[in-house]
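Since the structure comes first, as structure tokens, the remarks are kept for the end.
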Amino acid sequence: MLSVKNLQVQVEGKEILHGIDLQIKPGEVHAIMGPNGSGKSTFSNVLMGHSKYKVTNGEIEFRGQNLLELEPEERARLGMFLAFQYPKEIPGVSLVSFLRAAYNAVRKDKDPISLYHFKKLLEEKMELIGLSSTFMSRSLNEGFSGGEKKKVEILQMAMLEPRLAILDETDSGLDIDALKTICETVQAIRSPKQSILLITHYPRILDYITPDKVHVLMNGKIVMEDGERLARKLEEQGYDYVREKMGIKSLGLKIVN
Ligand code: ADP
Ligand code: MG
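Residue numbers for the sequence shown follow the numbering used here, so the first one is 4 and each next one is one higher.
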């Protein structure tokens with residue numbers, strides 16, 4: 004599904020990612036965890052094709068295609084989706100028209116959906132995620148609370164049905180009830196073949212969505228990888244656990260350094 008090899012990335016002339024390797028198979032849930040400033044959002048922006056980030060080395064293959072040759076829209080059409088850490092407010096563009104445009108754009112080869120049918124579909128998903136249908140006609144994200152903005156991101160994921168959904172700190176700024184609702188929605192809308200890349204600072208979201216694999220990103224490198232138990236360790240001991248382990252070859256843990 005996704006294969007990243009030796010990915011090196013610069014922003015404004017400064018190298019932020021120093022050689023990332025990551026493979027995600029269909030249906031797998033992976034978590035990238037790391038302290039603030041470690042390069043998590045940089046990685047997700049590069050996957051989606053943000054023009055500010057320059058790939059200086061390495062390869063990314065997504066569903067058999069060279070991702071780095073594709074424009075962001077083509078990546079979306081191929082089934083990649085990014086839920087932003089900081090969703091933008093777009094005054095004057097209603098939630099329904101924004102989502103319908105995105106929906107029609109990723110299904111370019113099919114006939115555009117009628118507004119009537121789109122609204123019906125959207126209403127179903129909004130109910131599932133606990134957003135009142137009155138939000139439909141409001142300007143996108145304008146005046147929405149932090150939790151409502153994150154719900155809109157997941158609503159978009161529910162409508163677009165991506166093959167790989169990248170959730171960049173969807174948990175940050177959410178209270179426990181909103182986090183629970185969002186995670187339950189993600190589980191409910193997921194198809195078995197859909198892969199998820201959860202990017203997070205705190206292990207809490209992993210209480211609700213169990214990852215197959217956890218990667219720890221620090222200073223632009225993946226320094227540790229393991230199954231779900233690694234998230235437990237980080238929950239108990241914080242990132243000091245990783246700092247202490249680095250250099251100590253411990254059994255059962257792959258330490259990449
Ligand atoms: P994280 O998401 O893990 O908190 P980021 O990927 O946002 O980390 O940032 C990693 C590093 O890259 C930080 O030092 C940050 O200041 C820098 N950086 C990220 N994006 C930009 C940008 N657009 N311009 C300049 N520096 C950036
Ligand atoms: Mg970030």
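Glycine is no exception: its CB is placed at the ideal position from the N, C-alpha and C atoms. Being a predicted model, the structure only gives us computed values, none of them experimental.
Pairing Phe101 with Leu143, the inter-Cα distance amounts to about 7 angstroms.
About 7 angstroms separates the beta carbon of Gln88 from that of Ser175, a gap short enough to meet the 8 angstroms contact definition. Shown here for Lys196: same chain residues with a beta carbon closer than 8 angstroms to its own, the five before and five after excluded, namely Pro29, Gly30 and Arg166 in chain order. For Ser194, there is no enclosing alpha helix (DSSP H), as DSSP marks it with neither H nor E.
The beta carbon of Ile93 sits closer than 8 angstroms to the beta carbons of Phe101, Ser142, Leu143, Asn144 and Glu145 from its chain, once the five residues preceding and following it are set aside; these are given in chain order.
Proximity annotation: ligand 1 has residues Val14, Glu15, Ile19, Gly37, Asn39, Gly40, Ser41, Gly42, Lys43, Ser44, Thr45 and Lys55 in chain order, each selected because its CB is closer than 6 angstroms to a heavy atom of the ligand. Distances between the C-beta of Asp174 and the heavy atoms of ligand 2 are all 7 angstroms or more. A direct Cα-to-Cα measurement between Glu172 and Asp112 gives close to 32 angstroms. A buried status is given to His218, since no fewer than 16 other beta-carbon atoms sit within 10 Å of its beta-carbon.
Gly22 and Gly61 have their C-alpha atoms spaced approximately 7 angstroms apart. In the structure shown, Ile116 adopts coil according to DSSP, grouped into three states. By the Cβ rule, the stretch 210-224 counts as touching the stretch 36-43, because three or more pairs are nearer than 8 angstroms.
For a cut-off of 8 angstroms, the C-beta gap from Ser6 to Glu64 is around 4 angstroms, short enough to register as a contact.
With contacts defined by Cβ atoms closer than 8 angstroms, Val99 and Val58 do not form a contacting pair.
Relative to the non-hydrogen atoms of ligand 2, the Cβ of Asp171 comes within a distance shorter than 7 angstroms of at least one.
Residue environment analysis places His33 among the buried positions, since at least 16 neighbouring C-beta atoms fall within 10 angstroms of its C-beta. When DSSP states are grouped into helix, strand and coil, Asn9 belongs to the strand group.
Going by DSSP, Thr59 is part of the beta strand (DSSP E) stretching over Tyr56 to Phe65. Within a 10 Å sphere around the beta-carbon of Glu156 sit 16 or more other beta-carbons, which makes this residue buried. Taken through DSSP and simplified to helix, strand or coil, Pro165 comes out as coil. Within the model, the alpha-carbon separation for Lys122 versus Leu10 is close to 40 angstroms.
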